[in-house]
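Engineer: First the structure, then my questions, so here it is.
2 protein chains.
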Amino acid sequence: MARKTGSHSEITGPKVRAAALKLIAQHGFAAVSMRRIAEEVGVQAGALYNYTRDKQALLFDLMCSHMKELLAAREAAAVSGDPVARLDAFTRFHIRWHLPRGDQVFISYMELRNLTPANFAEIERLRKVYEDELETVLQDGVDAGLFHLDDTKVTTLAIIAMLTGMSTWYRAEGRLSLDRIEALYVGMVRRLVGI
Amino acid sequence: MARKTGSHSEITGPKVRAAALKLIAQHGFAAVSMRRIAEEVGVQAGALYNYTRDKQALLFDLMCSHMKELLAAREAAAVSGDPVARLDAFTRFHIRWHLPRGDQVFISYMELRNLTPANFAEIERLRKVYEDELETVLQDGVDAGLFHLDDTKVTTLAIIAMLTGMSTWYRAEGRLSLDRIEALYVGMVRRLVGI
DNA sequence: CATTTAACTGAACAGGCGTTCATTTGAAAA
DNA sequence: TTTTCAAATGAACGCCTGTTCAGTTAAATG
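Here's what the structure looks like:
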């Protein structure tokens, strides 16, 4: 046998993904060229094609990984118990997980229109799985007479928009600590569902 | 005197802006070429430069107009009275004004990173004026002992994120009428400030 | 009708784009 | 030390990019 498969690949592969993530979040998918990504990695443009079929696959891979990691982390942190505890857990999880992943969040919301229709459908499917988790919590809370809200679906979308919006302005060096942010959002989400 | 200044210009100018708005909202600023915009207008690419200094100015113009029209409309719809009435008015205004302007909203949130630093600063300044309007209402409500919330600034940003997020999923032909949407969001915003 | 000139064309510019591929490199395997 | 081949190079492909500008067109003015 010759040299182990992917001895360099194991280093360059992640570097390609990291460079693409950073640059696309910064300038947008269409504005970043393969040559610019290659430069960031320290390699010629042609070498990128050892790690991705084409530019579109690179974007899809970033977005798909983001969503699958989100769902896996959510599953690992699953909480059972009463709807109030599950709602608080969802809020805390969303903030803790999204906050250190600003670039991924940005790309996942901004670059949907640059996906091919098939790739777009897949990402939307994964996003819906996440939304449904929250919707189920809200519905259970309503059914148990604990939450008071007018429309479960709209409230779900409103909460996710509110939580995700934080990524656009939060800065680690800012006025508010992560703990404080978390507490504020837990409070606001609770109010939103009428607790 | 020769022919009136801008006899065709008055027709083509708005067509250029409309085409740019539609295409940039659809595909993103960097992904849309001047030739593609010209094609949509029914003109050669060179002719666009009778209506914009360059591509960057076209984007800035769209975003700047959007923000200035928003602020002008807000001023025209200004309400005085108690904080609760002003809060409800803000919610209703935001929804009614943003909902039929999906493309502008999309561009104004997505294409900030494609502005030059100077243009970016100007748009952010205008956005802040709008945010400050809501923040003032919240602060007045808190001072009057009517609202119960933990952090005025964060609540302001959360409300705006929640309201603006609606643009990403609302469809006129969907399950909910505009009146219903408005009522739902007025209710949610009220809950968020502890009414 | 003759003149004026705003509006537009169409070609050109220099450079960048995504992608392919024959060739070179160099470290691990034998 | 020799062999092997994954990994990377670098040039090339055809096409597209934003922008400029000399030249053409045609409608309104005098």
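Protein sequences, first through last, are from chains L and U.
Using our numbering, the letters of the first sequence correspond one by one to residues 1 to 195.
Using our numbering, the letters of the second sequence correspond one by one to residues 1001 to 1195.
By construction, the Cβ of each residue, glycine as well, lies at the ideal position given by its N, Cα and C atoms.
Would you decide whether U/A1172 is buried or exposed? Buried here means 16 or more other CB atoms lie within 10 Å of its CB.
Structural biologist: Stepping through the second sequence from its first residue, residue 1172 of chain U is reached at position 172. Result: exposed.
Engineer: What is the C-beta distance between L/L58 and L/A20, in whole angstroms, given that I count them as a contact (C-beta under 8 Å)?
Structural biologist: By one-based count along the first sequence, residue 58 of chain L stands at place 58. By one-based count along the first sequence, residue 20 of chain L stands at place 20. Confirmed, Cβ separation roughly 5 Å.
Engineer: Compile a chain-ordered list of the residues in the stretch 12-37 of chain L whose CB is closer than 8 Å to at least one CB of chain U.
Structural biologist: Q26, H27, G28, F29, A30, A31
Engineer: Less than 7 Å between the beta carbons of U/A1047 and U/R1035, yes or no?
Structural biologist: Residue mapping note: residue 1047 of chain U aligns to position 47 of the second sequence, counting from 1. Residue mapping note: residue 1035 of chain U aligns to position 35 of the second sequence, counting from 1. Using a Cβ distance threshold of 7 Å, U/A1047 and U/R1035 do not count as a contacting pair.
Engineer: Return helix, strand or coil for L/Q139, following the three-state DSSP convention.
Structural biologist: Residue 139 of chain L sits at position 139 when you count from the first residue of the first sequence. Note: L/Q139 maps to helix in three-state DSSP.
Engineer: Closer than 7 Å, CB to CB, is U/W1169 near chain L or not?
Structural biologist: For this step, residue 1169 of chain U is matched to residue 169 along the second sequence. So yes, U/W1169 belongs to the interface.
Engineer: Along the stretch 1094-1124 of chain U, what residues have a CB closer than 7 Å to any CB found in chain L?
Structural biologist: M1110, R1113, N1114
Engineer: So with Cβ pairs under 7 Å, would you call L/M67 a contact of chain U?
Structural biologist: Numbered from 1 along the first sequence, position 67 holds the residue referred to as residue 67 of chain L. For L/M67, the answer is no, since every Cβ of chain U falls outside 7 Å of its Cβ.
Engineer: Given that a residue counts as buried once 16 or more other Cβ atoms are within 10 Å of its Cβ, and exposed if not, what is U/Y1051?
Structural biologist: Position 51 of the second sequence, counted from the first residue, corresponds to residue 1051 of chain U. The residue is buried, with at least 16 neighbouring Cβ atoms inside 10 Å.
Engineer: Is there a Cβ from chain L that is less than 7 Å from the Cβ of U/V1186?
Structural biologist: As a first step, residue 1186 of chain U must be located in the second sequence, where it is residue number 186. U/V1186 does not count as touching chain L.
Engineer: Determine which residues of the stretch 150-168 of chain L have a Cβ less than 9 Å from any Cβ of chain U, and write them out in chain order.
Structural biologist: Result list: D150, D151, K153, V154, T155, L157, A158, I159, I160, A161, M162, L163, T164, G165, M166, T168.
Engineer: Label L/E75 either buried or exposed according to how many other C-beta atoms from any shown protein chain fall within 10 Å of its C-beta, with 16 as the threshold for buried.
Structural biologist: For this step, residue 75 of chain L is matched to residue 75 along the first sequence. Looking at its Cβ environment, which holds fewer than 16 other Cβ atoms inside 10 Å, L/E75 is exposed.
Engineer: Residues in the same chain with beta-carbon distance under 8 Å from U/K1153, minus the five sequence neighbours each way, listed in chain order, please.
Structural biologist: Working through the second sequence from its first residue, we reach residue 1153 of chain U at position 153. Cβ neighbours of U/K1153 beyond the five flanking positions: E1135.
Engineer: What residue from U/E1133, U/V1189, U/R1125, U/F1090 has the CA that sits closest to U/L1149's CA?
Structural biologist: Working through the second sequence from its first residue, we reach residue 1149 of chain U at position 149. Selected option, being the one with the closest Cα: U/V1189.
Engineer: Assign L/V193 to buried or exposed, taking buried as 16 or more other Cβ atoms, counted over all protein chains shown, within 10 Å of its Cβ.
Structural biologist: Stepping through the first sequence from its first residue, residue 193 of chain L is reached at position 193. Buried, since its Cβ has 16 or more Cβ neighbours within 10 Å.
Engineer: Excluding five sequence neighbours on each side, which residues of the same chain lie with their C-beta closer than 8 Å to the C-beta of U/L1062?
Structural biologist: Against the second sequence, residue 1062 of chain U aligns to sequence position 62. Within the same chain, U/L1062 has close Cβ partners R1017, A1020, L1021, I1024, Q1104, I1107.
Engineer: What separation, rounded to the nearest whole angstrom, lies between the Cα atoms of L/N114 and L/F29?
Structural biologist: Within the first sequence, residue 114 of chain L is the residue found at index 114, counting from 1. Within the first sequence, residue 29 of chain L is the residue found at index 29, counting from 1. If you take the alpha carbons of L/N114 and L/F29, they lie about 7 Å apart.
Engineer: Alpha carbon to alpha carbon, how far is L/E40 from L/Y185? Give it in angstroms, no decimals.
Structural biologist: For the purposes of this step, residue 185 of chain L is identified with residue 185 of the first sequence, where counting begins at 1. For the purposes of this step, residue 40 of chain L is identified with residue 40 of the first sequence, where counting begins at 1. Approximately 37 Å between the Cα atoms of the pair.
Engineer: Indicate whether U/P1083 and U/V1137 have their beta-carbon atoms separated by less than 7 Å.
Structural biologist: For the purposes of this step, residue 1083 of chain U is identified with residue 83 of the second sequence, where counting begins at 1. For the purposes of this step, residue 1137 of chain U is identified with residue 137 of the second sequence, where counting begins at 1. Contact: yes.
Engineer: Alpha helix (DSSP H) containing L/T93: first to last residue?
Structural biologist: Position 93 of the first sequence, counted from the start, is the residue given in the question as residue 93 of chain L. Note on residue identity: the sequence assigns Phe, not Thr, to residue 93 of chain L. Counting along the chain, the alpha helix (DSSP H) containing L/F93 begins and ends at 83-98.
Engineer: For L/L87, count the other beta carbons within 10 Å of its own beta carbon; 16 or more makes it buried, fewer makes it exposed. Which is it?
Structural biologist: Position 87 of the first sequence, counting from 1, holds the residue named residue 87 of chain L. L/L87 comes out buried.
Engineer: Can you list, in chain order, the stretches of the alpha helix (DSSP H) that have 4 or more residues and sit fully within the stretch 14-71 of chain L?
Structural biologist: Whole alpha helix (DSSP H) segments, 4+ residues: 34-41.
Engineer: At least one CB of chain U closer than 7 Å to the CB of L/L192: is that the case?
Structural biologist: Taking the first residue of the first sequence as 1, we reach residue 192 of chain L at position 192. It does; some Cβ of chain U falls within 7 Å.
Engineer: In whole angstroms, give me the CA-to-CA distance for L/T5 and L/S65.
Structural biologist: For the purposes of this step, residue 5 of chain L is identified with residue 5 of the first sequence, where counting begins at 1. For the purposes of this step, residue 65 of chain L is identified with residue 65 of the first sequence, where counting begins at 1. For L/T5, the pLDDT reaches just 42, beneath the cut-off of 50, and the residue's location in the model is therefore unreliable, although a value from the coordinates is still provided. Approximately 23 Å, taken between the alpha carbons.
Engineer: Taking the beta carbon of L/V129 as the centre, do at least 16 other beta carbons fall within 10 Å, making it buried, or is it exposed?
Structural biologist: Start at 1 with the first residue of the first sequence, and residue 129 of chain L comes out as number 129. Result: exposed.
Engineer: Taking the alpha-carbon of L/M110 as reference, which of L/G141, L/T156, L/S167 has the nearest alpha-carbon?
Structural biologist: Position 110 of the first sequence, counting from 1, holds the residue named residue 110 of chain L. Residue L/S167 is the option with its Cα nearest to L/M110.
Engineer: What would DSSP say about L/G187, mapped onto helix, strand or coil?
Structural biologist: On the first sequence, position 187 is the one that residue 187 of chain L refers to. The answer is helix: DSSP assigns L/G187 an H, G or I state.
Engineer: Starting from U/I1195, trace the alpha helix (DSSP H) in both directions and tell me its first and last residue.
Structural biologist: The residue labelled residue 1195 of chain U in the question sits at position 195 within the second sequence. U/I1195 -> no alpha helix (DSSP H), and no H or E assigned at all.
Engineer: Closest by CA to U/A1144, which one among U/I1195, U/P1014, U/A1089?
Structural biologist: In the second sequence, the residue the question calls residue 1144 of chain U occupies position 144. Of the listed residues, the one whose Cα sits closest to U/A1144 is U/I1195.
Engineer: Label U/H952 either buried or exposed according to how many other C-beta atoms from any shown protein chain fall within 10 Å of its C-beta, with 16 as the threshold for buried.
Structural biologist: An answer regarding residue 952 of chain U cannot be provided, because it is not within the stretch 1001 to 1195 covered by chain U.
Engineer: Locate the alpha helix (DSSP H) running through L/V105, then write down its first and last residues.
Structural biologist: Sequence index remark: in the first sequence, residue 105 of chain L carries index 105 (1-based). Boundaries of the alpha helix (DSSP H) around L/V105: 102-110.
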